[in-house]
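Residue numbers (my numbering): -10 to 59.
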């Protein structure tokens, strides 16, 4: 379950984050997308995904550099 909320909505009622799996955050005036809040149940899994992705990118860069250095 998800919804779109404004930054002020979160500041006024932080408990609304508990009701959803993830919440899209946008600036209500400009409708500019500001980010995403994940529920704790998804946050750990997503963090692990980002760490693996970052490690893979670092390894690919290192591999490309080794081609020129060696």
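The C-beta atom is built at its ideal place from N, Cα and C for all residues, glycine as well.
Three or more beta-carbon pairs separated by less than 8 Å are not found between the stretch 16 to 31 and the stretch 45 to 53, which leaves the two stretches without contact.
The C-beta distance from residue 12 to residue -8 rounds to 6 Å, short enough to meet the 8 Å contact threshold. Taking C-beta separations shorter than 8 Å and ignoring five residues to either side along the sequence, the partners of residue 6 in its chain run -1, 12, 26, 28, following chain order. One Cα belongs to residue 10, the other to residue 4, and the distance between them is close to 13 Å. The three-state reading of DSSP puts residue 57 in helix, counting H, G and I together.
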